[in-house]
Amino acid sequence: MVVCGDDGLAHRLAAELRGVYREQVVLVVPPAGHRVRQPVVGRARAASAALLGRVVTAVNRGNGGPDGTVTPGERMLEAAEPTEAVLAVAGVEQAAALALVYDDDETNIRAALTARRLNPRLRIVLRLYNRRLGQHIEELLDQAAVLADPDARGRTGAEIDAATTVLSDADTAAPALVGTALVGTSKVVDADGLLLRAVERRPPEPGQVADPGLCTLALLSATSNDPAGTEGSEDSGEQGPQLLPDAAAVEAATGRGTVVLEQVSYSGPPLPAGRARVPPFASLFSRRLRWSLAGLVAAVVALAVALMVVMEDHPLHATYVTLLDLFAINEPAVNEPAGRQILQLLSGLVGLLLLPVLLAAVLEALGLFRTASALRKPPRGLSGHVVLLGLGKIGTRVLTRLRELHIPVVCVEADPEARGMATARRLRVPVVLGDVTQEGVLEAAKIHRADVLLALTSADTTNLEAVLYARSVRPDLRVVLRLYEDDFAKAVYRTLRTAHPGALTRSRSVSHLAAPAFAGAMMGRQILGAIPVERRVLLFAAVVVGGHPQLEGKMVGEAFRAGAWRVLALDTAASPQRAGVSAGGPGTEVRGSGLVWDLPDTYVLRAEDRVVLAATRRGLAELLGRRGRERAGA
Numbered sequence: 293m294v295v296c297g298d299d300g301l302a303h304r305l306a307a308e309l310r311g312v313y314r315e316q317v318v319l320v321v322p323p324a325g326h327r328v329r330q331p332v333v334g335r336a337r338a339a340s341a342a343l344l345g346r347v348v349t350a351v352n353r354g355n356g357g358p359d360g361t362v363t364p365g366e367r368m369l370e371a372a373e374p375t376e377a378v379l380a381v382a383g384v385e386q387a388a389a390l391a392l393v394y395d396d397d398e399t400n401i402r403a404a405l406t407a408r409r410l411n412p413r414l415r416i417v418l419r420l421y422n423r424r425l426g427q428h429i430e431e432l433l434d435q436a437a438v439l440a441d442p443d444a445r446g447r448t449g450a451e452i453d454a455a456t457t458v459l460s461d462a463d464t465a466a467p468a469l470v471g472t473a474l475v476g477t478s479k480v481v482d483a484d485g486l487l488l489r490a491v492e493r494r495p496p497e498p499g500q501v502a503d504p505g506l507c508t509l510a511l512l513s514a515t516s517n518d519p520a521g522t523e524g525s526e527d528s529g530e531q532g533p534q535l536l537p538d539a540a541a542v543e544a545a546t547g548r549g550t551v552v553l554e555q556v557s558y559s560g561p562p563l564p565a566g567r568a569r570v571p572p573f574a575s576l577f578s579r580r581l582r583w584s585l586a587g588l589v590a591a592v593v594a595l596a597v598a599l600m601v602v603m604e605d606h607p608l609h610a611t612y613v614t615l616l617d618l619f620a621i622n623e624p625a626v627n628e629p630a631g632r633q634i635l636q637l638l639s640g641l642v643g644l645l646l647l648p649v650l651l652a653a654v655l656e657a658l659g660l661f662r663t664a665s666a667l668r669k670p671p672r673g674l675s676g677h678v679v680l681l682g683l684g685k686i687g688t689r690v691l692t693r694l695r696e697l698h699i700p701v702v703c704v705e706a707d708p709e710a711r712g713m714a715t716a717r718r719l720r721v722p723v724v725l726g727d728v729t730q731e732g733v734l735e736a737a738k739i740h741r742a743d744v745l746l747a748l749t750s751a752d753t754t755n756l757e758a759v760l761y762a763r764s765v766r767p768d769l770r771v772v773l774r775l776y777e778d779d780f781a782k783a784v785y786r787t788l789r790t791a792h793p794g795a796l797t798r799s800r801s802v803s804h805l806a807a808p809a810f811a812g813a814m815m816g817r818q819i820l821g822a823i824p825v826e827r828r829v830l831l832f833a834a835v836v837v838g839g840h841p842q843l844e845g846k847m848v849g850e851a852f853r854a855g856a857w858r859v860l861a862l863d864t865a866a867s868p869q870r871a872g873v874s875a876g877g878p879g880t881e882v883r884g885s886g887l888v889w890d891l892p893d894t895y896v897l898r899a900e901d902r903v904v905l906a907a908t909r910r911g912l913a914e915l916l917g918r919r920g921r922e923r924a925g926a
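In this note's numbering, the protein residues as written are 293 to 926.
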């Protein structure tokens with residue numbers, strides 16, 4: 293496996309491939325001191341010899357990171373760019389898979405085109421933020437692989453092992469961040485229109501058993517006061533979370549919370565395409581302007597009544613004369629009684645006061661229509677909302693997921709030209725422009741009435757400072773902060789939890805959340821998403837049963853392995869001939885099309901079936917391990 297990148301995701305991905313899947317990894321990273329790459333637009337290409345001179349083989353460098361100790365099965369290269377010469381030295385021509393996870397889309401695309409030419413059979417995983425461009429690049433590279441391989445003629449890119457997978461760390465991590473922010477409500481995985489919803493339920497009362505729902509995905513930690521700080525991780529032992537427990541473990545798990553499957557599809561109405569709605573008439577004018585107009589109307593009514601009394605006139609005629617005096621289009625009351633003259637002067641004065649009020653009303657109405665598609669301000673009385681800090685790549689994806697769930701959001705962003713500003717305008721989400729570290733910015737976002745704070749800016753110190761200040765304003769606020777390094781995220785999590793035991797705190801590293809999906813794609817399978825269970829990860833994958841003896845020919849109940857994998861659904865759309873056929877036993881028919889989630893335990897899995905399953909990382913590696921690893925182990 294070859295991994296090329298310039299940030300923490302590359303190191304985390306290499307560690308995932310080594311530790312979970314037992315793969316040999318070649319890690320290509322920029323030279324020391326150049327870890328943060330700049331866009332390559334306009335950068336001149338250097339000669340191959342010069343680039344080879346800058347390549348440094350570092351077999352005895354740290355475990356994929358800059359700190360460390362020797363790690364068996366890893367070779368690390370340092371190169372400024374993943375050019376053809378660098379990829380050749382990394383062994384792309386003999387590699388099984390290549391991951392290009394640079395932060396710059398153009399760098400990844402250029403290297404992918406080069407790698408496909410060097411090795412048409414190579415499985416390529418690309419990190420791209422632009423999803424539309426990613427679809428076109430994926431089709432292009434798959435078509436090139438089919439044309440270059442005579443054995444693959446007549447098949448699509450998805451049907452061959454050299455398929456290309458385009459992923460985004462933002463798309464991969466956003467559902468997990470949303471789920472973490474809504475702990476106690478839901479955890480969500482969204483992929484290609486499929487929405488998996490999991491709910492974290494509190495421990496039941498003594499003597500009761502946790503409700504398994506449709507399916508119990510995990511049992512939460514038995515303790516939350518581990519002095520070593522390992523609770524919720526793989527080092528917690530029996531006290532830690534148990535993923536995919538069997539029925540006996542669920543029945544015996546009294547006093548432990550659970551994560552259960554509650555909903556598997558999004559049934560809400562689609563979001564508007566972006567056309568701004570016409571604001572209601574009452575919102576055209578401010579409260580002060582409405583009171584001014586009401587006062588002028590009252591003055592006109594009073595003048596009309598006074599004229600009716602003084603001149604003993606008909607009410608309608610008195611009102612008409614008052615309006616003529618108000619707009620200065622009536623004849624002067626020179627020969628009229630004194631009372632009539634006084635009323636005419638007062639009407640003229642009210643008319644002068646009416647002009648600026650009418651002008652202000654016009655300006656307010658025009659301004660509101662002009663800014664109907666611009667940024668909105670947090671409405672008065674808003675409460676129970678989510679405050680989202682940062683509208684970069686991650687923040688934009690998280691904002692979209694929150695609005696799909698119809699959750700009120702207020703965004704805070706310092707850069708008016710940030711990526712997510714257009715999305716916020718389209719979704720009509722209130723945005724507060726300003727630096728979150730400055731006084732008054734979080735107050736403008738109504739942090740004192742919010743339920744959740746999501747700190748997702750690109751600066752760790754900014755996220756941490758915002759969380760600490762928000763906790764000083766509201767100690768029981770639920771907070772989720774994005775941190776770059778996983779170890780730092782773990783330390784912050786433990787400290788905040790100790791300082792505020794009554795509040796829910798979660799710290800997440802995007803590379804930690806995204807690495808399992810990238811590693812799974814490199815192994816040649818379709819990862820639908822991941823759900824964090826405390827400090828562990830549960831993966832959802834779509835797998836074709838054929839070729840896997842643990843699944844093929846077995847009933848759903850027999851194919852289940854506690855703590856490793858569990859079949860959740862059958863994709864009948866992938867095999868139309870299976871819709872409505874017998875499942876291998878009386879009363880076990882599966883009918884309909886699409887995803888069938890209530891599979892009976894007696895349903896027999898056949899080679900042509902495509903199933904959706906939940907699995908741990910090690911369980912998925914065991915279920916779908918590569919033949920190359922088996923030969924290496926032999």
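Note that the Cβ used here is the ideal one computed from N, Cα and C, for glycine as well.
Among the options, which one has its Cα closest to the Cα of residue i?
| i | options | result |
| --- | --- | --- |
| S639 | G839, P624 and T864 | P624 |
| P793 | A809, S803, I739 and R763 | R763 |
| L645 | P533, M600 and V592 | V592 |
| G600 | T614, Y761, L694 and G471 | According to the sequence displayed, residue 600 carries Met and not Gly. Measuring from the Cα of M600, the nearest candidate turns out to be T614. |
| T464 | L390, W583, L618 and T688 | T688 |
| A540 | G532, L511, E554 and L553 | L511 |
| A809 | Q633, A468, P495 and A716 | A468 |
| T729 | E757, V721, A714 and R717 | E757 |
| P322 | A302, M815, H428 and R632 | A302 |
| D396 | L420, A387, N627 and S801 | L420 |
Just to confirm before moving on: does the CB-CB distance between residue i and residue j stay below 8 Å?
| i | j | result |
| --- | --- | --- |
| L820 | R909 | no |
| A382 | R415 | no |
| A407 | V384 | yes |
| D752 | L734 | no |
| W857 | L891 | no |
| L746 | V654 | no |
| T611 | A598 | no |
| L667 | V723 | yes |
| V552 | L509 | yes |
| M293 | A387 | yes |
| V784 | S801 | no |
Check residue i in the structure and name its three-state DSSP category.
| i | result |
| --- | --- |
| I823 | strand |
| Q534 | strand |
| E492 | strand |
| M603 | helix |
| S513 | coil |
| T787 | helix |
| M293 | coil |
| S584 | helix |
| L860 | strand |
| T375 | coil |
| F852 | coil |
| A391 | strand |
| V721 | coil |
| S675 | coil |
| V318 | strand |
| A473 | helix |
Mind checking if residue i is an interface residue toward chain D, Cβ cutoff 8 Å exclusive?
| i | result |
| --- | --- |
| L667 | Of the chains in the structure shown, none is chain D; there is only one protein chain. |
Cutting at 6 Å between CB atoms, please list the residues of its own chain near residue i, excluding the five before and the five after it.
| i | result |
| --- | --- |
| C296 | V320, P374 and L392 |
| G839 | none |
| A473 | V744, L746 and V772 |
| N411 | V384 and E385 |
Which residues in the same chain have their Cβ closer than 8 Å to the Cβ of residue i, if we skip the five residues on either side of it in sequence?
| i | result |
| --- | --- |
| L897 | V837, L843, E844, G845, K846, M847, V848, A851, V859 and V903 |
| A738 | Per the sequence shown, the amino acid found at residue 738 is Lys instead of Ala. Answer for K738: P670, L674, S675, H677, V679 and V702, listed in chain order. |
| E914 | A856 |
| G684 | A710, R711, G712, L748, T749 and S750 |
| P562 | Because the pLDDT of P562 is 40, which lies under 50, any placement of that residue in the model is unreliable, and the question is left without a value. |
| L588 | V642, L645, L646 and V649 |
Should residue i go down as buried or exposed, given a rule of 16 or more other Cβ atoms within 10 Å for buried?
| i | result |
| --- | --- |
| D299 | buried |
| S460 | buried |
| S578 | exposed |
| V765 | exposed |
For residue i, collect the residues of the same chain with a Cβ closer than 7 Å to its Cβ; drop the 5 residues on either side in sequence, then sort them by chain order.
| i | result |
| --- | --- |
| L433 | A404, R408, I416 and T456 |
| E308 | A807, P808 and A811 |
| P607 | M600 |
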